[in-house]
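Trainee: Numbering (my numbering), first residue to last: 1 to 307.
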Amino acid sequence: MMHLKNEFERIVNYATSFGTKSYSYKKQNKYLKQCTSLKEFAIKRGLADAANSFLLLESILIVHKKYLKYYKLIKKNKHEDAWQLIIDVEYLLNRIKPYIYDDFAKFKLDIIEDKNTKIQTLYPYKYFMSTGFTFKNYRCSICGEIVSIHNRCKHKKGHIYNGRWCYWICEDIIDFNHVAVVENPKDKHCIFTKCGGHRFDFSLVDELVVPLKKPYLKWDLRWTKIRHPHEHYENLKETDSCPCESGLLYKDCCMKEAGILRPHVEIDFGQGYQSEPSITKYFSPPKRQPLQGQENTMEGIIMKASS
């Protein structure tokens, strides 16, 4: 037990150095493998408390690794692959947070949670896929018993038992009956890769990530609203709906103003926000179009089961 305690503290010291000069990227896999090995060692010997602690520490290291990796993927123009890791990080943080709430900041997870949420607002995804299928039954990952309305084992989904997460395994899919286009899916992994035959515009994401040398701690962003010049909407007619999405006609709304009021993002790379920033680019999130009529313009679905 003393050996496990010492090893646990050693890996904790590494994990808490995340975001500092002493943190070594090259040692990520080394510490992660050691943590996994120690977790399995504790499981085999029935040391439930130790196994649970190593599982949570393993999860923290995985969050760190995925968080840093998706920045590298974005810089390689692999935005869709990066999105999968962004959502992995979100779901894993939600899973472990109740267990390590008091130590969340200790491992810089509060910073990761904040940045991970904000970077999602720069992505152009507004619609996702939600699958529907009929299956025979669920099975508990811990004890292997069938889970149904009339039969529940003692294990609770999302809880930890002797170093293992409890989840329900969906067995014997009988019918894969539909795929729905939704705005608020249960699983945000399922995305479109194209709309109208074109790849999505990731310029907002690049505007943040490409200049970054290190992805943690100092960057920040905030959404505001500013008036975009009318000349940016030269094909807009007076009787068209106003691009500010007020629901009014252009002639009755922003046409009378100095510009069209649109969402705007300001990025702070550590120097603070300027009181009167010099606007060099007019960025705004993609306009949310009515879902009806878009079904045939979206293609290239990426689907992944939640991890």
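Backbone N, C-alpha and C fix where the C-beta goes; we use that ideal spot for every residue, glycine too.
From the DSSP output, in three-state form, read off Asp268 for me.
Mentor: strand
Trainee: Can you say whether His198 is buried or exposed, counting buried as having 16 or more other CB atoms within 10 angstroms of its CB?
Mentor: exposed
Trainee: Comparing C-alpha positions only, which one of Tyr250, Met255, Asp220 and Arg262 sits nearest to Ile111?
Mentor: Asp220
Trainee: With a CB to CB cut of under 8 Å and the five nearest residues on each side skipped, what residues in its chain are close to Thr239?
Mentor: Leu249, Tyr250 and Lys251
Trainee: My guess is that Gly163 and Leu55 are in contact by the Cβ rule of under 8 Å, so how many angstroms apart are they, rounded?
Mentor: 5 Å
Trainee: Looking at the structure shown, is Ile169 part of a helix, part of a strand, or coil, going by DSSP?
Mentor: strand
Trainee: Going by C-alpha to C-alpha distance, which of Gly247, His230, Asn235 and Ser246 sits closest to Gly259?
Mentor: Proximity to Gly259 across Gly247, His230, Asn235 and Ser246 peaks at His230, based on C-alpha coordinates.
Trainee: Taking 8 Å as the threshold (C-beta atoms), are Phe128 and Val182 in contact?
Mentor: yes
Trainee: If we require 4 or more residues per run, which alpha helix (DSSP H) segments fall completely within the stretch 41–74?
Mentor: none
Trainee: DSSP puts Ala180 in a beta bridge; with which residues?
Mentor: According to DSSP, which records beta bridges pairwise, Ala180 is partnered with Ser130.
Trainee: Alpha carbon to alpha carbon, how far is Lys225 from Leu92? Give it in angstroms, no decimals.
Mentor: 32 Å
Trainee: Leaving out five residues on either side along the sequence, give the residues of the same chain with a beta carbon under 7 Å from the beta carbon of Lys69.
Mentor: Leu85
Trainee: Have a look at Leu32 and Lys115 and give me their C-alpha separation to the nearest angstrom.
Mentor: 23 Å
Trainee: Would Trp168 and Tyr138 qualify as a contact pair, given that the criterion is a beta-carbon distance under 8 Å?
Mentor: yes
Trainee: If you follow the alpha helix (DSSP H) that Phe200 is in, where does it begin and where does it stop?
Mentor: Premise fails: Phe200 is in no alpha helix (DSSP H) and is neither H nor E.
Trainee: Check whether chain C comes within 8 Å of Lys126, counting only Cβ atoms and requiring the distance to be less than that.
Mentor: The chain inventory of the structure shown lacks chain C, comprising one protein chain alone.
Trainee: At which residues does the alpha helix (DSSP H) containing Arg95 begin and terminate?
Mentor: His79 to Ile96
Trainee: Which of the three DSSP states is assigned to Cys244 in this structure?
Mentor: It is coil, neither helix nor strand.
Trainee: In whole angstroms, what is the alpha-carbon distance linking Gln294 and Tyr125?
Mentor: With a pLDDT of 46 at Gln294, under the threshold of 50, the modelled position of that residue is not reliable, and no figure is offered here.
Trainee: Can we say the stretch 46–55 touches the stretch 1–18, given the rule of at least three CB pairs closer than 8 Å?
Mentor: yes
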